[in-house]
Every structure is written in structure tokens, then in C-alpha cells.
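For our numbering, count along the sequence shown from 1 and bump the result up by 43. Ideal Cβ placement from N, Cα and C applies to all residues, glycine included. In what follows, a single structure is set out as C-alpha cells and then discussed.
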Amino acid sequence: MEKMRTPARTLVVAAAAVLLFVGVLVLASTQPWKPAKKLLSPIDPAQVTQVSIRNGNKVTRMDITDPAEIRDIVELLNGFTYQNTRYVPPASGWSYILDVEGPSGPVASVEFGISTIRQRNGDGSSTIYSGPPGYFRKLVDLAESATDPL
């Protein structure tokens, strides 16, 4: 087998580099390389007196008043970011809701799933905000362990 001449070898290497560069550009342009976005206004954990987690599937709730647990839950909520959304036509029902209360009453009520937050729209439809997979696993586990009736 005959060795490739130096100019021919250089041409092959240059062509391969160009093809690799073009491939990376095509891949980057087709992938959702969007920065994560914040959805909720931050809540100050020090201003929260109680968090209630409601499970609509089992019709149960769990009230949390321990400041350390409240801080962990509020920080989890504050840290939620999403990269995509989807529209859901008008429908009823819910699975999990987190109610946040302060000294003067309700601060926030958030419908959530294991990786999502659901916001209801005025026409009955919903917008689902999808975040990191399993982001709300801790809250789902708490909701599933709730035993107090609604």
C-alpha cells in the first residue's frame, strides 16, 4: 500500500475537520440549548409560618411547621427553573398542591408534579412548566405519605 502524499493527506485532514465543524453546528442548532428560566417570584423562608402539601389523588394533606423543613421546601420552590412549556386544554382535577402561608395569610399556592409546575389560565386551560427530571421528588414523596384528610 502506497503512502499518501503530504498535500493529499493535508487535504483529507482539512476536509474531515470541516465536516466535523459543520456537524457540530448542525447538532447545536437542532438541540434545545435554551437557558433555564425562573418561574416564580422568590419567597423568603423566614416569612413562612406553615407549608401544606395536598394530595388530590388520595384526598389527604400534610401540614409542616418546622422552620428547617419549611426553609428546605421554600428553597426548593425558589430554585425551580424550567426550559420548556406546554399548553393543556381546559380540564379539572389536580394531583399535588403546595400551599405556603405567612403570618398574615396565604403567600402562594403551587400545583406541581415530579418535574413540573402547572399554572391555571383564565379560560380553564393550563400551562405546564417542565424543569429538571425528578426535581420535586421530595415534595411528591411527602404528598404520598400524607394521611390527614382534606
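Any 3 or more C-beta pairs closer than 8 Å across the region 180–191 and the region 100–109: Taking 8 Å as the limit for Cβ pairs, the verdict is that the region 100–109 does touch the region 180–191.
Only counting runs of 3 or more residues, tell me where the beta strand (DSSP E) segments fall wholly within the region 89–127, in order along the chain. Every unbroken stretch of the beta strand (DSSP E) spanning 3 or more residues and falling wholly within the region 89–127 is given here in chain order: 93–98 and 103–107.
Over what stretch of residues does the beta strand (DSSP E) that includes serine 173 continue unbroken? Counting along the chain, the beta strand (DSSP E) containing serine 173 begins and ends at 169–173.
Suppose the cutoff is 6 Å on Cβ atoms and the five residues either side in sequence are ignored; what does the same chain contact list for alanine 79 look like? Same-chain partners within the cutoff: Thr124 and Gln126.
Tell me where the beta strand (DSSP E) around serine 135 begins and ends. Note, serine 135: premise wrong, no beta strand (DSSP E); not H, not E.
Name the DSSP beta bridge partners of glutamate 187, please? Answer is none; glutamate 187 lacks a bridge partner.
On the criterion of 16 or more Cβ atoms from any shown chain inside 10 Å, does valine 131 qualify as buried, or is it exposed? So valine 131 ends up on the exposed side.
Quick check on leucine 193: buried or exposed, where buried means 16 or more other Cβ atoms within 10 Å of its Cβ? Classification of leucine 193: exposed, given that the 10 Å Cβ count is below 16.
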